[in-house]
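Chains G and C, in that order, give the protein sequences. Quick note: to get our numbering, add 7 to the position in the first sequence (first position is 1). Quick note: to get our numbering, add 354 to the position in the second sequence (first position is 1). Every residue gets a Cβ at the ideal spot worked out from N, C-alpha and C, and that includes glycine. Computed from a prediction, not measured in an experiment: that's the story for all the values here. Read the structure below first, then the notes.
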Amino acid sequence: MANRELTFEIFRFNPQDPSSEPRLQTFTLEEEPYMTLFRALNRIREEQDATLQFDFSCRSAVCGSCGMMVNGRPTLACKTLTSDLDDKVRLHPLPAFKLIGDLSVDTGTWFRAMAERVGAFIKEKAPFDPDALEERMDDDLAQAIYESDRCIECGCCVASCGVANVKPGFVAPAGMNRIARFMMDPRDARTDGDWFEVVASDDGVFGCIGLMACHDVCPKELPLLEVYAYLRRRALGTAFLSRK
Amino acid sequence: MSRIESTDVLVIGGGLAGERCAMEAAAAGHEVTIISLVPPRRSHSCAAQGGMQAALGNCVKAAGDSPDMHFLDTVRGSDWGADQEVVRIFADNAPIAVRELAHFGVPWTRVRPGPNQYHIKGQHVVIDEPEEKRGLIMHRDFGGTAKWRACYAAAGTGHAALYAVDGEVVRLGVNVRDRMEALSLVHDGERCSGAVVRCLRTGKLSVILAKCTVIATGGYGRIYGQYTTNATINEGTGASLALDTGLVPLGNMEAIQFHPTGLWPSGILVTEGCRGDGGYLLNNAMERFMVELEPAKQELASRDVVSRHMIQQVLDGKGVDHPAGPHLWLDLRHLGEEHLTTKLREVYEICRDFLGIKPWEDLIPVRPSQHYSMGGIRVNKDGEAYNLAGLYAAGEAACWDMHGFNRLGGNSLAETIVAGRVVGGTVAEHAAGLELDLPVAVAREFLEREQRRLDGWLERAGEGPSVYKLRDALGEIMMNKVGIFRTGEELQEAVTELVRLEDQVDTAVLSSKAPGPNPELSFALRLKGMVRLGLVTARGALARTESRGAHCRTDCPERDDANWLNRTLVRWSRDEREPRFEYEPVGLLDLPPGDRGYGQAQRVEMKETLEEYNAGVPEGQRSHGMLPTRQPLGSALRPGAWRDAEERAGLTGSGAGH
């Protein structure tokens, strides 16, 4: 059986080049067995157009570099097999992030700002004691924390979010997940009251309009639906308690 | 002056080692700037899966473990190539560093008291974990260790550690400039004062001057082309920065580790934790060949030994046919769906996403792939580079040298945070004693030199090979001739071909001169350095006429402690045609050279006594450029402290005894 000829329509724009105009450019490539978009895009760059910009690093779906829109849906390019796609593949950069060029976007700046804003680190209860045993933790709880710690910050949920795309201040699903992760961690000194401002505002969990595309597109299959429900309940609980 | 800026401490590389080092300096009050090719959380540390070695001794199979045993396992694993004082510093500090990560929020897997199901050496075993250990950090088994020692967070240990440490970097307000690459160090021949950097957003060059400069750029696995588990960013940029000075030596570049279980043919890593948790290696006859070949450790001999047995199976016609070349099988079916989707979840996801298989039903195609570089920028025990004050290195980029000629699984992830603490402490102390000097004239010189190099690529026109074709050629030479089994003849061929390849780099032509970051230009700027790293690896391997750890010469099968109980050092400035090789003592010997307890045991005994060898170490290292350390040489060694541990380890029947 002959291999398919794939047609790629790829968004092109180089902001550093005054002569560059946003456009779609078409490339064709013969499909290979087990071909991923990592392989396909590198072949296009190395054989057809050396200026094509995109980001990969681990090529094994753990570093989160290669989020992009594949036929209008945000996903990790490295683990997308061309055999799961039609002959014609359309690739765009993730929306909601600043464009660096072509398929490459600036997720680093966005996630650093989010981490600073939500305080995505442990606020310690006491200084580390190098001579003490580790604080004990039930393994079920450790696994629950690990479950939401698995976010790789690829930005697919942000790109899919109806609110984040029109409201840059929105904490967005990845940020909400970070908050939930630290909220459930007993090593963190913050109380629900400390979290209230960032969680329970229009930029927080109540800004969500409930489309939940984030839950559908997350490449790590994080249970974002449950994360939102958890945060809403915790925020409401705090609000009622503080009224008494 | 707009293109020259300054900071107290410049850290090149935003993985675990660089960030842990930056934390230490920032906590001491210094202004710290990290530059990184990618946002720090995308660094290759995130891909480390199975575990981090630290002798906490928390579960039944870890009972009685101690830093002394960790010391013994690590020195044996290194095939006595390691600096034993550095191993001591590492083993003694690993438990503190791992517990500190718990403090920073790493969700370590914890001990569950009561009956636990394990697979040990082909047997299904139920062990009762005691109530008093409930909730302490759990361990899993890894190769080459007397006890279960690897602490883990499912199979995402590196990810969890990196996110926790990066959280601390955010908390401390460390300035991070991602998508920025160092092209050259700035130095006056005696002191390093920062680096010339290129912004990968705009393509523009600038200089960052600093009191202290740390290189933590990881390894250089991509010189093996596609035959590596490494990320695409592991192109040895940090090693090239140091080599280009002609002052700072790289140590033991021929010591390259091949991981037994790279997915075939993609090279994606599947963790040693798979075998630690009871996985089997099978040949085409579905035989567990490791049981017969290494009865004591079976699938959990050290990585160099397992990789060699696997390739020997392939050479003996016992590989499984595949269009890309024969492979072997990793069998995890007996571990079951629940274990594979929780404790080895990341392995399950890789199998599903890249092979379309379920590891509890199907076998996994694997073959040894380049994985780790034990060698790197030679530093003293404080982490300061030989021969160039103000330059430091940590993690895989460094040859600190706790791994010698073979690294144990889980020791590198632990090294990143232990070395980060130690080297960060040195940097914090040194920076406090220095005024920020701004050698602007020197900085301009280096900036202009890099601009000329960059312009040279853009100006070169006409016909010439593509940089990507040359990269592919480099990978083929390295894998086929500087691989797992090496011979003098093949290494000589590799050197000849690499010399030719280096010349070809000067004739390569870019197909695009687009303004901005220009990915082809970015790669072209690294290519010469990569070929040179290949050359010093091949030349070092050719010169070393013995077999030690991962360096296996089939034409010189003995470990030769009489002539080669030393560390290779190589210097090579950009202007020199040939690299300069020298050799220094491995460091003070505490555990006398002996058998490892696994793998082949042919060796030539050293001629000197330990005392004679050790007497020559201080001057032997100083004369090659080792800078003074904060504490005297040997101060951390605790000679003989391992003796009790050795007896206890012997009683466990680990095969690690005499």
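Check your understanding: From the DSSP output, which residues share a beta bridge with residue 582 of chain C?
Key -> The residue you call residue 582 of chain C lines up with position 228 of the second sequence. DSSP output for residue 582 of chain C lists C:724 as bridge partner(s).
Exercise for review: Determine the closest residue to residue 653 of chain C out of C:670, C:673 and C:686, with distance taken between C-alpha atoms.
Suggested key: Position 299 of the second sequence, counted from the start, is the residue given in the question as residue 653 of chain C. Of the candidates C:670, C:673 and C:686, the one whose C-alpha sits nearest the C-alpha of residue 653 of chain C is C:686.
Review point. So is residue 407 of chain C buried or exposed if we call it buried at 16+ other beta carbons inside 10 Å?
Key: On the second sequence, residue 407 of chain C is found 53 positions in, with the first residue counted as 1. That one is buried.
**Study point:** Beta carbon proximity, residue 10 of chain G to chain C, threshold 8 Å
**Key:** Looking up residue 10 of chain G in the first sequence gives position 3. Proximity of residue 10 of chain G to chain C, defined by a Cβ-Cβ separation below 8 Å, is not satisfied.
**Study point:** The beta strand (DSSP E) enclosing residue 36 of chain G, as first and last residue numbers
**Key:** Sequence index remark: in the first sequence, residue 36 of chain G carries index 29 (1-based). 30–37 is the span of the beta strand (DSSP E), which, as asked, contains residue 36 of chain G.
Review point. Is there a Cβ from chain C that is less than 8 Å from the Cβ of residue 32 of chain G?
Key: For the purposes of this step, residue 32 of chain G is taken as residue 25 along the first sequence, with counting starting at 1. Chain C contact via Cβ: absent.
Check your understanding: Expressed to the nearest angstrom, what Euclidean distance is found between the alpha-carbon atoms of residue 809 of chain C and residue 862 of chain C?
Key -> On the second sequence, residue 809 of chain C is found 455 positions in, with the first residue counted as 1. On the second sequence, residue 862 of chain C is found 508 positions in, with the first residue counted as 1. In a straight line, the C-alpha of residue 809 of chain C is about 14 Å away from that of residue 862 of chain C.
Review point. With 8 Å set as the bound, which would you pick, yes or no: does the beta-carbon of residue 525 of chain C sit closer than that to a beta-carbon of chain G?
Key: Taking the first residue of the second sequence as 1, we reach residue 525 of chain C at position 171. Answer yes: the Cβ-Cβ gap between residue 525 of chain C and chain G drops below 8 Å somewhere.
Practice item. Measuring only between beta-carbons, confirm whether residue 192 of chain G sits less than 8 Å from chain C. Key: Here residue 192 of chain G is taken as the residue at index 185 of the first sequence, counted from 1. Closer than 8 Å: yes.
**Study point:** residue 227 of chain G and residue 159 of chain G closer than 8 Å at C-beta
**Key:** For the purposes of this step, residue 227 of chain G is identified with residue 220 of the first sequence, where counting begins at 1. For the purposes of this step, residue 159 of chain G is identified with residue 152 of the first sequence, where counting begins at 1. A contact, by the Cβ cut-off of 8 Å.
Check your understanding: How should residue 519 of chain C be labelled, buried or exposed, when 16 other C-beta atoms within 10 angstroms of its C-beta is the threshold for buried?
Key -> Here residue 519 of chain C is taken as the residue at index 165 of the second sequence, counted from 1. A residue is called buried once 16 or more other Cβ atoms fall within 10 Å of its Cβ, and residue 519 of chain C is buried on that count.
Exercise for review: For residue 908 of chain C, count neighbouring C-beta atoms within 10 Å of its own C-beta (all shown protein chains included) and say buried if the count is 16 or more, exposed if not.
Suggested key: What you label residue 908 of chain C is simply residue 554 of the second sequence in a count that begins at 1. Answer is exposed; the Cβ neighbour count stays below 16.
**Study point:** Other residues of its chain near residue 782 of chain C: CB distance less than 7 Å, five sequence neighbours each side excluded
**Key:** On the second sequence, position 428 is the one that residue 782 of chain C refers to. Taken in chain order, the residues that qualify are 378, 379, 382 and 384.
Check your understanding: Would a check of beta-carbon distances place residue 100 of chain G closer than 8 Å to chain B?
Key -> In the structure shown, chain B does not exist; the protein chains are G and C.
Practice item. Helix, strand or coil for residue 733 of chain C, going by three-state DSSP, please let me know. Key: By one-based count along the second sequence, residue 733 of chain C stands at place 379. Residue 733 of chain C falls in the strand class under three-state DSSP.
Practice item. Starting from the beta carbon of residue 127 of chain G, find every residue of chain C whose beta carbon is closer than 8 Å, and list them in chain order. Key: Residue numbering aside, residue 127 of chain G sits at position 120 when the first sequence is read from its first letter. Result: 521 and 524.
Exercise for review: Under 9 Å between beta-carbons, which chain C residues line up against residue 115 of chain G? List them in chain order, please.
Suggested key: As a first step, residue 115 of chain G is located in the first sequence; it is residue number 108 there, counting from the start. Result: 390, 392, 393, 394, 395, 396, 530, 532 and 533.
Practice item. Output yes or no for whether 8 Å exceeds the beta carbon distance between residue 402 of chain C and residue 767 of chain C. Key: The residue labelled residue 402 of chain C in the question sits at position 48 within the second sequence. The residue labelled residue 767 of chain C in the question sits at position 413 within the second sequence. Yes, these two residues count as a Cβ contact at 8 Å.
Practice item. Return helix, strand or coil for residue 93 of chain G, following the three-state DSSP convention. Key: Taking the first sequence and counting its residues from 1, the one referred to as residue 93 of chain G is at position 86. It is coil, neither helix nor strand.
Exercise for review: Reducing DSSP to helix, strand and coil, say where residue 676 of chain C ends up.
Suggested key: Within the second sequence, the letter at position 322 stands for residue 676 of chain C. Correct three-state label for residue 676 of chain C: coil.
Practice item. Tell me whether residue 7 of chain G sits in a helix, a strand or coil according to DSSP, three-state version. Key: Examination of residue 7 of chain G is not possible in this model, given that chain G is present from 8 through 251 alone.
Check your understanding: If you scan the segment 98–146 of chain G from start to end, which runs of the alpha helix (DSSP H) of 4 or more residues do you find wholly inside it?
Key -> 114–125
Exercise for review: Please determine if the segment 36–55 of chain G and the segment 126–143 of chain G are in contact, where contact requires at least 3 C-beta pairs separated by less than 8 Å.
Suggested key: no
Review point. Got a sec, what are the start and stop residues for the alpha helix (DSSP H) residue 784 of chain C sits in?
Key: What you label residue 784 of chain C is simply residue 430 of the second sequence in a count that begins at 1. Note, residue 784 of chain C: alpha helix (DSSP H), 765–786.
Exercise for review: Output yes or no for whether 8 Å exceeds the beta carbon distance between residue 988 of chain C and residue 943 of chain C.
Suggested key: Translated into positions along the second sequence, residue 988 of chain C becomes position 634. Translated into positions along the second sequence, residue 943 of chain C becomes position 589. It is not a contact, given that the beta carbons lie outside the stated cut-off.
Check your understanding: Considering only C-alpha positions, which residue in the set C:720, C:850, C:681 and C:488 is nearest to residue 896 of chain C?
Key -> The count along the second sequence starts at 1 and reaches residue 896 of chain C at position 542. Comparing Cα positions, the closest option is C:850.
Practice item. For the segment 62–79 of chain G, enumerate the residues whose C-beta is nearer than 8 Å to any C-beta of chain C, in chain order. Key: 62, 63, 64, 65, 66, 67, 68, 69, 70, 71 and 72
Practice item. With DSSP collapsed to three states, give me the class of residue 76 of chain G. Key: Against the first sequence, residue 76 of chain G aligns to sequence position 69. If DSSP states are grouped into helix, strand and coil, residue 76 of chain G belongs with the strands.
Review point. With 16 as the cutoff for other CB atoms within 10 Å, does residue 985 of chain C come out buried or exposed?
Key: As a working mapping, residue 985 of chain C is identified with position 631 in the second sequence. Residue 985 of chain C should be labelled exposed.
Point to revise | Cα-Cα separation between residue 581 of chain C and residue 621 of chain C, rounded to whole angstroms | key: On the second sequence, residue 581 of chain C is found 227 positions in, with the first residue counted as 1. On the second sequence, residue 621 of chain C is found 267 positions in, with the first residue counted as 1. Their Cα atoms are separated by approximately 6 Å.
Practice item. Return no unless some Cβ of chain C is closer than 8 Å to the Cβ of residue 89 of chain G. Key: In the first sequence, counting from the first residue as 1, residue 89 of chain G sits at position 82. No, its Cβ sits nowhere closer than 8 Å to a Cβ of chain C.
Review point. Near residue 545 of chain C, which residues of its chain fall below 8 Å by C-beta distance, leaving aside the five closest residues on each side in sequence?
Key: As a working mapping, residue 545 of chain C is identified with position 191 in the second sequence. So the qualifying residues of the chain are 742, 743 and 744.
**Study point:** Boundaries of the alpha helix (DSSP H) in which residue 802 of chain C is found, first to last residue
**Key:** Position 448 of the second sequence holds residue 802 of chain C. Run containing residue 802 of chain C: 794–813, per the alpha helix (DSSP H) assignment.
Point to revise | residue 611 of chain C burial status per 10 Å Cβ neighbour count (16 or more: buried) | key: Position 257 of the second sequence holds residue 611 of chain C. So residue 611 of chain C counts as buried.
Review point. Does the segment 456–473 of chain C come close enough to the segment 795–804 of chain C to have 3 or more Cβ pairs within less than 8 Å?
Key: no
Exercise for review: Decide if residue 218 of chain G is buried, meaning its Cβ has at least 16 other Cβ atoms within 10 Å, or exposed.
Suggested key: Your numbering for residue 218 of chain G matches position 211 in the first sequence. With fewer than 16 Cβ atoms within 10 Å of its Cβ, residue 218 of chain G is classed as exposed.
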